[in-house]
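Heads up, the thing below is written out as structure tokens.
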Amino acid sequence: MDSLALGADLEPEPVVDEHSTVTLHVNGDPTTLTVDHRTTVLETLRESFGLTGAKKGCDHGQCGACTVLVDGRRVNSCLLLAVAQDGATITTVEGLADGESLHPVQRAFVERDALQCGFCTPGQICSAVGMLREAADGHPSHATGPETAATGPVALDADEIRERMSGNLCRCGAYPRIVEAIEDVIE
Amino acid sequence: MKPFGYVRPASTDEAVRLCAAGPGARFLGGGTNLVDLMKLGVEAPRVLVDVAGLPLDRVTRTADGGLSIGATARNSDLAAHPDVTRSYPVLSQALLAGASGQLRNSATTGGNLLQRTRCRYFQDVSKPCNKRLPGSGCPAREGTHRDLAILGHSPECVATHPSDMAVALAALDATVVLLGPEGERTVPLTGFHRLPGENPDQDTVIRPGELITEVVLPPPAPGAASRYRKARDRASFAFALVSVAATLRVEAGRVEHATLAFGGVAHRPWRARRAEAELRGAPATPAVFQHALIAELAEARPLRDNVFKVDLTRRLALDVLGELTARQSALSARTG
Amino acid sequence: MTTRAPQFPGAPVVRREARDKVTGTARYAADLAPAGCLYAWTVPATVAAGRVTAVRAVDALAVPGVHSVLTHDNAPELQEPDDPILAVLQDDRVPHHGWPIALVIAESLEAARTGAGELHVEYERDPYDVTLTDDHPGLYTPEEANGGHPAVRVRGDVERALAGASVQVDATYRTVALHNHPMEPHAATAVWADGHLTVHDSSQGSSRVRESLARAFGLDPDRITVVSEHVGGGFGSKGTTRPQAVLAAMAARHTGRPVKMVFPRPQLAEVVGHRAPTIQRVRLGADLDGVLTAVSHEIVTQTSTVKEFVEQAAVPARVMYASPHSRTVHRVTALDVPSPSWMRAPGEASGMYALESAMDELASALGLDPVELRLRNEPETEPDSGRPFSSRGLAACLRDGAARFGWHDRDPRPAARQEGRWLMGTGVASATYPVLVSRSTASAHAARDGALRIAVNATDIGTGARTVLAQIAAEALGVDPEAVRVDIGSTDLPVAPLAGGSSGTASWGWAVHKAATALAARLAEHRPLPADGITTTADTEEETGEESPYARHAFGAHFAETAVDAVTGEVRVRRLLGVYAAGRILNARTARSQFTGGMVMGIGMALTEDCGIDPDFGDFTARDLASYHVPVCADTADIQAHWIEEDDRHLNPMGSKGIGEIGIVGTAAAIGNAVRHATGARLRELPLTPDTLLPYLL
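Chains as they are written, first to last, in numbering that gives the first Met the number 0: chain H, 0 to 186; chain D, 0 to 335; chain Z, 0 to 697.
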């Protein structure tokens, strides 16, 4: 990384390197590229990798349309600076299917018509994949009762799914079908 | 967003040194608030010192039976940590009541404490705001302030601190550990965030260049139950209108231990010391709770459009105390 | 006009672009990256009224990567556009906060945003007025409300009838400004090449966008292609041409390079329309049996100084219930606010909130079941026009919904049920939406090898247009839908109207049906096919041009069960059930999604969506998605949509009515009525946030 070496003798207006070289492992392939420090993971995926599945719905972490998996965890890629993700493994919606075979969450979204305009869909799907893993890892949610300190995988009923998927807005209102789709996957 | 430099220090000492050295250097944790504010033009660091990779993400028991929470522990990991869900459920609940699953996966303990107010005037650089631009004025006082403070505000600023986690930490008597150019120091969480006074640009007592390295919880109060509840405008993924964190131990019908903190009502998590003092040793009855809460909220100075928060705080806190009392009674009935 | 019996089974065919959407390969307007593409960032006005007196671009231009800055001083001059909101960067006037005053164009998005932050703008500020009141001095009665409806309709003598009514309701309801906020922000990617302009635009109808661009840029429409392949929702806000198409085209012309421009979310609310706030006075008079004698619905609303748009909220009262005396009035005032426009079921959504809340109040006053009250006021003919209904399924929807919901077990007493800390209640409201249809063209082609292709410039904003058009064509051709290719979403295809007014499927489908029927006839005559196949074209000008002698509307009934937190006043919708009578349902799978989607937006209208205007700055107070609360998944619960099949021969060859909007109509009233049943509190202002309910809780 071309990082800035700041020292005690720093001038008030230092020449700051505003670019760095990073390696991102996107959907299985490592790629090394130079990024503007201002550039988010979302922008990098869309503009440098041509992976436009992740969408910019708000650019401020308020809608979830940009959700991708970084090192297996769902995150808002619009708030992640690409420079800070050097070495990270990133899975986008384009990387979920196994060749022609859709990921079970993708398949369930198709069968349940858990989408309309489709703009939030890549984020919903990545979020669902990450969420299922969180529950399997025993992560509680706001919908998990206060008395039920989880010790093992959390069983996901509809209320759990709704709470855990609430970081992904869908203005078409596909929520009921999204919940059904995720229930199908769990079964 | 102005161009900026980026460094990834190898140690906390290096992080502090780098931040202290560069004018306009800022620590970067999860970035969920800082990057947001940079996009809005509210923050314009010259250099980001990325501390997310430092080995500060551990959650470990302390020698005295408390808990040390690393500053870069992610909110989601902390909420799910067995020591937290078992011994400090109020903290887990507060974390899980905040933001979204995605944001909690990125957001760090230190960053959460340092997040800025969501006051719309603060976030809009075309408008005056004493917090963002000291001396420019506070349009919120007479403007849009339904979500803003009822307690402890000043003519200069009526902002609220938006964190849920910090409210639970306030009720848990947490301590913030800071590492700065002058070395390490600790600050009680209830004294970490400031009231705005005449310097609303200062959210906290943190000094330039200081890095939050950990948050330390004392051992859980023996036999106490705890709870976090939050009222908001939609069922999830919304900031608190009002929230309440409480720990309570009732024995033989009397309050043996009580801590109470409110969120969404002030420039800092509002530790309800006056109510606590009234509760301690008093009968655990709704009338006592009510009286204590009214005493606490007597100093509320609501604004034109947030008068409801006084009532909402009282009602929610009353219900939380009632719930904890009932749970304690059920517990003593089972064990006794 | 009578058509033959509809033949469509409404098969739940899977939407054909679903795979593209779940794999992220569906392309939206901002997903394109033409070689050499520049990025544009808009700079909005930060004053509510006045003039731009100076724009200093030196610092912005000095930002590395910034290519140019467009302002009214140097932007390409436009002809007078067909919509005044498109006259951007043409003069120094600032008609409202958020009006685009500059465009920063750069090699990267980051540079464009940085440049926008470095632009120094000075204003001369004019006094302004952004606050709607029911006695605003600027209120006037317009000629028409949106949709061409007369602003005023009077039958009989309402005042007298009200005065003489045994039971009266006189209530004023208020709705706030609401924002469409489709998940895809309005975006356009524009390319000028060899004198031809191509714009990929996030639009509900690219034919209209092409017309707007042709007029604004003084171009022959043949020199413009507008593509809207996939569109991330619109809900009305993309139904008219929006500034992003004009700005991107301007920037591309100015720079000679492709330009991509996306409105940043916080700017969106002020440039793409909003549902105007309303103050609605409803007065009902009835006899003791609950039979209405008088209905008066008076609307006060706002428009901008840029254009007149009048939310037609009193129009559903002309359709819903029989009454010998009726008065429906719209008044509007032009404020220094962004221009309001269409948002899902304009008129019906706002108006039916008030009317259906008032009906609930009347039922309470009479001690009559609210379903029964509605049934007692079923009209023989459309109350306002006297025309017969082509079909009217309201009573059937109410009865079927009541049975499905378990309405008849309901204890009518308010504030009488509690589960833990939750106060429980149920409510009902009717729904209506007009049947609209527009002229469309389409073509059908059979290739020599038998491949079938339908072409029509329809737009799929999430409705499943491709799928249902394939079903319509397949039915006419007697083949499986999968055998029909459907090309939509480009002005290179036969001209078609927008996806709006719940009329897309009817309008495009009619033309597709006609073209496909003609092709089927030709195919029967031609064996083998000629080398270049057979193409038929259709234009429904004649069919859609004649006014129907029938009153044509879809109807529905919404039933809600709500739980109100007795401690905090938070409201949760536990159950929401809609039953619709909307002609023939052409695709059960995608139709269900549209119905329930409208209901979810109705939850937002009822409970969470709230935007005021800041009197000190003239801007909307909730401009981002953290402060403007679109419902999240946790705001929903058991949401069901059902329908009653109607055999209506007076619609179109498919026998369909529109389904995209009716799901939101009446939903807010049903929820509000349920909250009243739960708490005893009759609130007359949306949304029902905790602060509004707290004063009524013990």
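Ideal Cβ placement from N, Cα and C applies to all residues, glycine included.
This structure is a prediction, so every number in the text was calculated from the model and none was measured.
- In the three-state DSSP reduction, Pro29/H falls in the strand class (E or B).
- In the DSSP assignment, Ile211/D is bridged to Leu177/D.
- Listed in chain order, the non-local C-beta contacts of Ile100/Z below 8 Å within the same chain comprise Val42, Pro43, Ala44, Val51, Val54, Thr70, His71, Leu88, Val93, Val120, local neighbours out to five positions each way being set aside.
- By the Cβ rule, the stretch 503-511 of chain Z counts as touching the stretch 444-459 of chain Z, because three or more pairs are nearer than 8 Å.
- Residue-level contact by beta carbon fails for Arg170/H and chain D, as no gap is shorter than 7 Å.
- Secondary structure remark: continuous beta strand (DSSP E) runs of at least 3 residues inside the stretch 78-109 of chain H, in chain order: 88-90.
- Cβ contact annotation for Ala180/H (same chain, cutoff 6 Å, sequence separation greater than five): Ala107, Phe108, Arg111, Ala113, in chain order.
- Taking the beta carbon of His24/H as reference, no residue of chain Z falls within 9 Å; the closest one sits roughly 18 Å away.
- Residue environment: Glu569/Z is assigned as buried (16 or more neighbouring CB atoms within 10 Å of its CB, all protein chains considered).
- Put simply, the backbone Cα of Thr607/Z is about 15 Å away from that of Leu682/Z.
- Asp202/D carries a coil assignment under DSSP once its states are collapsed to helix, strand and coil.
- Within the stretch 21-38 of chain D, the residues whose Cβ lies closer than 7 Å to any Cβ of chain H are, in chain order, Gly21, Pro22, Leu27, Gly30, Thr31, Val34, Asp35, Lys38.
- Its chain contains Ala59, Val62, Val65, Val103, Ala105 as the residues whose beta carbon lies nearer than 6 Å to that of Gly114/Z, once the 5 sequence neighbours on both sides are disregarded; these appear in chain order.
- Annotation: Cβ neighbours of Gly142/D in chain Z (cutoff 9 Å, chain order): Asp613, Pro614, Asp615, Phe616, Thr620.
- Per the DSSP secondary-structure output, Arg280/Z pairs in a beta bridge with Thr171/Z, Glu297/Z.
- Under a 10 Å Cβ-count criterion, His199/Z is classified as buried, with 16 or more other Cβ atoms of the shown protein chains found around its own Cβ.
- As for any alpha helix (DSSP H) of minimum length 4 sitting wholly inside the stretch 92-180 of chain Z, the runs are 108-116, 157-163, ordered along the chain.
- Residue-level contact by beta carbon fails for Thr120/H and chain D, as no gap is shorter than 7 Å.
- Contact annotation, Ser75/D with Arg103/D: C-beta distance approximately 4 Å; criterion of less than 8 Å satisfied.
- Under the DSSP assignment, Met423/Z falls in the beta strand (DSSP E) whose first and last residues are 421-433.
- Within the stretch 232-252 of chain D, the residues whose Cβ lies closer than 7 Å to any Cβ of chain Z are, in chain order, Asp232, Arg233, Ala234, Ser235, Phe236, Ala237, Leu240.
- No Cβ of chain D is located within less than 7 Å of the beta carbon of Ser76/H.
- Between Ala96/D and His18/H, the C-beta spacing is not below 7 Å.
- For Asp58/Z, the nearest beta carbon of chain D is not closer than 7 Å to its own beta carbon.
- C-alpha of Val290/Z to C-alpha of Val157/Z: approximately 15 Å in a straight line.
- Under DSSP, Trp507/Z forms no beta bridge with any residue.
- For Ala395/Z, same chain residues with a beta-carbon under 7 Å away, outside a window of 5 residues either side, are Ala580, Ile643 in chain order.
- The C-alpha of Leu131/Z is placed about 42 Å away from the C-alpha of Gln92/D.
- With fewer than three CB-CB distances shorter than 8 Å, the stretch 163-175 of chain H does not count as touching the stretch 10-22 of chain D.
- When DSSP states are grouped into helix, strand and coil, Thr150/H belongs to the coil group.
- Within the stretch 565-596 of chain Z, those residues whose Cβ lies closer than 7 Å to any Cβ of chain D are, in chain order, Val566, Thr567, Glu569, Arg571.
- Taking the CA atoms as reference points, Pro387/Z sits about 13 Å from Met319/Z.
- With fewer than 16 neighbouring CB atoms inside 10 Å of its own CB, Thr140/Z falls in the exposed class.
- Boundaries for Pro133/D: no beta strand (DSSP E) harbours it, and the DSSP string shows neither H nor E there.
- In the same chain as Ala169/D, and ignoring 5 residues on each side of it, the C-beta atoms closer than 6 Å to its own belong to Leu188, Thr189, Ala260, Pro268, Arg270, in chain order.
- For His525/Z, the number of other beta carbons within 10 angstroms of its own is below 16, and it is reported as exposed.
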